[in-house]
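Number of protein chains: 2
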Amino acid sequence: MKAYSMMTKKELMAQKAELDRQFADAKRKGLQLDMSRGKPEPAQLDMGMGLLDALNSDSDMMSMEGMDTRNYGLLTGITEAKHLMADVMDVSAENVIVFGNSSLSIMYDMISRSVTHGVLGSTPWCKLDKVKFLCPAPGYDRHFAITQHFGIEMIVIPMTATGPDMDLVEKYVSEDEAVKGIWCVPKYSNPQGITYSDETVRRFAALKPAAKDFRIYWDNAYAVHHLYEDKQDTLLEILSECEKAGNPDIVYEFCSTSKISFSGAGIAAMATSAANLEDVKKTLTLRTIGYDKVNQLRHARFFKNLEGMRNHMKKHAAIIRPKFEAVLSVLEEELGGLGIGEWTKPLGGYFISFEAMEGCAKEIVAKCKELGVVLTGAGATFPYGKDPKDSNIRIAPTYPTAEEMAEATDVFVLCVKLVSVEKLLQDAVAETA
Amino acid sequence: MKAYSMMTKKELMAQKAELDRQFADAKRKGLQLDMSRGKPEPAQLDMGMGLLDALNSDSDMMSMEGMDTRNYGLLTGITEAKHLMADVMDVSAENVIVFGNSSLSIMYDMISRSVTHGVLGSTPWCKLDKVKFLCPAPGYDRHFAITQHFGIEMIVIPMTATGPDMDLVEKYVSEDEAVKGIWCVPKYSNPQGITYSDETVRRFAALKPAAKDFRIYWDNAYAVHHLYEDKQDTLLEILSECEKAGNPDIVYEFCSTSKISFSGAGIAAMATSAANLEDVKKTLTLRTIGYDKVNQLRHARFFKNLEGMRNHMKKHAAIIRPKFEAVLSVLEEELGGLGIGEWTKPLGGYFISFEAMEGCAKEIVAKCKELGVVLTGAGATFPYGKDPKDSNIRIAPTYPTAEEMAEATDVFVLCVKLVSVEKLLQDAVAETA
């Protein structure tokens, strides 16, 4: 089919008439579909039910270091859980603390602690006039919500195919002492599925921050979340790169099993330098006597090791891959060559990112809603919920069935076409006016 | 035996010579005993192993509201867990949020949130010159550590047999706007085992704070932790008292199953007014997508209801009661009538509180250590670790066996006698000088 931008006004009008007809038809169907939920589907969770058998009333509840996991103590987690989470992050177990069920909570607490008590002896951020964070966008809305909550000014950093625009990152970090951190999802990023290139990771490790309490918040949420056996992204391990670059304390890395075992009932971990760990432990010990070691033991016994986890994730991939492919196939078939949108084809993670024509995202999301298809709110992937181009839309294919995803994507492409045609017609009017 | 204060100098000297001999004998035994650990013993934890069978790979994982507990969502907890924890606190489930494994973490987060974001719209405490907390003492060291961590000034409130000195509490709360809270363990208090009287609870509920963001931190840690079937303390339910007194928002109540199921792997909850709950949820949603609902379901299925929990706690009582009695029996036998110490005889909770002669606690703890018996550090039960009278010592009988506790208490009373005699001799010298 002809690219929309090549169409005459008459052709566009005809196209719009046809799309309006299709829209009316679709509306009559009264669909109820949801492409917004970045969460596992029940079949994935069923794969993890063995976790509940990993411990029962006959189990030995001692951890590797001889600790009764049912009693108080061991602030930083049991050894076998540290090893498991360290392997997921490709770091040493010495650098790891295993927490409760949520890496988001760890990140929130790290920010909160920096606000009230500073970082490794620095001035608490609440005592400063201005604190800023760099926010590669499109990105994860819950990251942005945390920094917004603490009154931290957020600066948008455009994403490229190899990660955040590092020229800009280097400029801000080296020149502005108020810049205290950057949010990163370095592997299969939310929502684009981009994995940072080796060069990007090395440039992160070699940053020369104006603020000595600047930290990279490295949210490695999708470390083992591959969609394919034969095509997989790899991410350079950042802790050792930072160490090599003489910047050992510059990064906090986070991960969890929320999208591996059970969402909200998994285990979460942080990896960082020895100095940062000591700093964290000092305040952590005031907040808790210890995290849920029984659940840590359950996870360690169930997965055994990284290999066990990888095998488990192959089963997840088998379930969600067809859904990604269903979306991508409809997008390619219906929008290929039209020049009214671009989308990512990720090899892992939980999302597909769609880039509509400028100024069209909100309207597409609204039109989809009118047809009964829920999408993540346009703008959600940007700080303050404001996408400057109003073009990014996040598609979450995991929760519905592949059939539902195909059906929802049919609706989506219809709305993309309709909104794009209307936009082009408006632009044409504006030009002739 | 004669009270030490009635003894002549000569009698005291003779007494000291005998005690020195006993001390030397005891030292040769090379004991290794610990009376400091306020944690369950393994047999108590064994009683809870059925918890691990409450869910297995064949279980229905849906909560009462039809929520898949294995997936994201339901910020405030599943209905059955809310009911269970509400019943423990004797409040309505509507007033409850169920969190993760630690009530200490809830309290820390409530303080932290108040510091950074205020309380129900009040000025964040970090923006104030001075914030103060009332600290009934002796009390729980981890409470005091949190307020100290946030630079909150702590004011000691003496404990009485019916709870904190309410005249003082009322005075501070009504007169000083900087007073933002008070730490309370209202039932079987740590370390004295005191339960606040109905009058005390009503006076709390009727407080007229100068600060509108003043809150009572009501740590109901030992709500169902009775030692006896026939002799039990009861605590007036404070939320409804506050409501009746026109003070619905003045209290946050906390509890957990840490000393009911597994320590550190239980569930914890908060109860408060609807307005406070809304305030909390607003920030809670930034920190987490939801707590561990699988563990909530496991607890609800295992205990079923309050009755089930009470029956479970009878088994705990059967295990730890003999240990309390072993301590109390040695104390009575060896120190009764000597006038050199007083101690509490709690009907529940985890501790016995010993009051030595003024200026003797540190020395008693040091001497016990010399004989291989570890006690909680003297002063730990007071803000900043400073017991103004240097007289309170916390005894934790639950972890060792009854035999070990009796043996440790033998050492303890020996040290109490020796230090007391030395003190009386010093005082006599000082008087004649």
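Those protein sequence lines, which keep their order, are chains E and S. Anchor point for the first sequence: position 305 equals 304 in numbering that gives the first Met the number 0, and the numbering is continuous, going up by one each time. Anchor point for the second sequence: position 152 equals 151 in numbering that gives the first Met the number 0, and the numbering is continuous, going up by one each time. Think of the CB as a built atom: it goes at the ideal place given N, C-alpha and C, for glycine as much as any other residue.
Best match in the options for proximity to residue i [C-alpha to C-alpha]
i, options, result
"Thr78/E", "Asn70/E, Asn246/E, Glu64/E", "Glu64/E"
"Ser352/E", "Lys258/E, Glu362/E, Leu374/E", "Leu374/E"
"Arg309/E", "His225/E, Val250/E, Lys368/E", "His225/E"
"Val418/S", "Leu330/S, Gly384/S, Glu362/S, Glu10/S", "Glu362/S"
"Asp33/S", "Val90/S, Cys367/S, Ala144/S", "Cys367/S"
"Gly384/E", "Glu40/E, Val172/E, Ile145/E", "Ile145/E"
"Glu236/S", "Ala53/S, Glu228/S, Gly336/S, Tyr195/S", "Tyr195/S"
"Gly347/S", "Tyr227/S, Ser35/S, Leu127/S, Val279/S", "Tyr227/S"
"Ala42/E", "His315/E, Met356/E, Trp217/E, Lys416/E", "His315/E"
"Gly37/E", "Glu430/E, Tyr398/E, Ala222/E, Arg320/E", "Tyr398/E"
"Ile105/E", "Cys254/E, Leu73/E, Gln31/E, Val415/E", "Cys254/E"
"Ile154/E", "Ala177/E, Ala274/E, Leu305/E", "Ala177/E"
"Thr400/E", "Asp426/E, Lys207/E, Glu354/E, Ala317/E", "Ala317/E"
"Arg214/E", "Ala85/E, Val130/E, Val90/E", "Val130/E"
"Asp166/E", "Gly99/E, Lys207/E, Val428/E, Met0/E", "Lys207/E"
"Ser260/S", "Ser101/S, Ile339/S, Val326/S", "Ser101/S"
"Gly47/S", "Leu50/E, Pro39/E, Glu40/E, Met60/E", "Met60/E"
"Asp89/E", "Lys28/E, Glu402/E, Thr233/E", "Thr233/E"
Expected contact under 8 angstroms - CB spacing of residue i and residue j to nearest Å
i, j, result
"Phe442/E", "Ala136/E", "Because residue 442/E is not part of the residues shown, which for chain E are 0 to 432, the question remains open."
"Ile110/S", "Cys134/S", "That belief does not hold up - the Cβ atoms of Ile110/S and Cys134/S are roughly 13 angstroms apart, past 8 angstroms."
"Phe350/S", "Pro190/S", "4 angstroms"
"Leu370/E", "Leu11/E", "No, Leu370/E and Leu11/E are not in contact; Cβ-Cβ is about 21 angstroms, not under 8 angstroms."
"Trp217/E", "Glu240/E", "Not really, about 11 angstroms apart at Cβ, beyond 8 angstroms."
Residue i - DSSP class collapsed to helix/strand/coil
i, result
"Gly49/S", "helix"
"Asn55/E", "coil"
"Glu341/E", "strand"
"Ser413/S", "For clarity, residue 413/S is Leu in the given sequence; the question names Ser instead. In this structure, Leu413/S counts as helix in the three-state DSSP scheme."
"Gly180/S", "strand"
"Ser255/E", "strand"
"Asn435/S", "Because chain S in this structure spans residues 0 to 432, residue 435/S falls outside the shown range and cannot be described."
"Pro396/S", "coil"
"Ala268/S", "strand"
"Leu74/S", "coil"
"Val95/S", "strand"
"Thr159/S", "strand"
"His224/S", "coil"
"Ala316/E", "helix"
"Gly384/E", "helix"
"Tyr216/S", "strand"
"Gly200/E", "The residue you asked about is not Gly; residue 200/E is Val in the sequence shown. Of the three classes helix, strand and coil, the one that applies to Val200/E here is helix, per DSSP."
"Met84/E", "helix"
"Leu18/S", "helix"
"Lys131/S", "strand"
"Met5/S", "helix"
Within chain S, partners of residue i - CB distance below 9 angstroms
i, result
"Cys254/E", "Within chain S, no residue comes near Cys254/E; the closest Cβ sits about 16 angstroms away, beyond 9 angstroms."
"Met48/E", "Asn55, Ser56, Asp57, Ser58, Met60, Arg69"
"Met319/E", "The question names Met, but residue 319/E is Ile in the sequence shown. Ordered by position in chain S, no residue passes the 9 angstroms Cβ test against Ile319/E, which lies about 14 angstroms from the chain."
"Leu44/E", "Met60, Asp67, Arg69, Asn70"
"Lys361/E", "None at all; the shortest Cβ gap to chain S is about 24 angstroms."
"Lys131/E", "The contacting residues do not exist; Lys131/E stays about 17 angstroms from chain S at best."
Proximal residues of chain E, C-beta to C-beta of residue i below 7 angstroms
i, result
"Gly376/S", "Chain E residues near Gly376/S: none, gap ~16 angstroms exceeds 7 angstroms."
"Thr287/S", "Ser101, Leu103, Ser104"
"Leu51/S", "Leu54, Asn55, Ser56, Ser58"
"Ile145/S", "Leu285"
"Lys38/S", "Asn70, Tyr71"
Chain E residues whose Cβ lies nearer than 8 angstroms to that of residue i
i, result
"Thr115/S", "Ser111, Val114, Thr115, Cys125, Phe149"
Chain-ordered chain S contacts of residue i [CB-CB under 8 angstroms]
i, result
"Lys292/E", "Gly263, Ala264"
"Thr282/E", "His148"
Within chain S, the residues that residue i reaches when beta carbons sit closer than 7 angstroms
i, result
"Ser35/E", "Within 7 angstroms Cβ-Cβ: nothing; Ser35/E doesn't reach chain S, min ~12 angstroms."
"Tyr107/E", "Leu285, Arg286"
"Pro41/E", "Asp67"
Residues that residue i contacts on chain E, provided the C-beta gap is smaller than 9 angstroms
i, result
"Lys368/S", "Per Cβ cutoff of 9 angstroms: no residues; Lys368/S is ~21 angstroms from chain E at best."
| said: I'd like to know if the region 100 to 116 of chain S and the region 260 to 270 of chain S are in contact, where contact means that at least 3 CB-CB pairs between them fall below 8 angstroms. | reply: With the cut-off at 8 angstroms, the region 100 to 116 of chain S and the region 260 to 270 of chain S touch.
| said: Three or more C-beta pairs under 8 angstroms: does that hold for the region 394 to 410 of chain E against the region 386 to 393 of chain S? | reply: No, they do not touch.
| message | Measuring CB atoms only, is the region 199 to 214 of chain E touching the region 171 to 186 of chain E, in the sense that at least three cross pairs come out at less than 8 angstroms? | response | The count of Cβ pairs closer than 8 angstroms, one atom from the region 199 to 214 of chain E and one from the region 171 to 186 of chain E, reaches three, so the stretches are in contact.
| request: Give a yes or no on contact between the region 113 to 129 of chain S and the region 329 to 336 of chain S, applying the rule of three or more CB pairs nearer than 8 angstroms. | output: Segments in contact, no.
| Between the region 287 to 302 of chain S and the region 46 to 57 of chain S, do three or more beta carbon pairs fall short of 8 angstroms? | Under the 8 angstroms Cβ criterion, the region 287 to 302 of chain S counts as touching the region 46 to 57 of chain S, having at least three qualifying pairs.
| Touching by the beta-carbon criterion (3+ pairs, under 8 angstroms), the region 80 to 100 of chain E and the region 284 to 291 of chain E | A contact exists between the region 80 to 100 of chain E and the region 284 to 291 of chain E.
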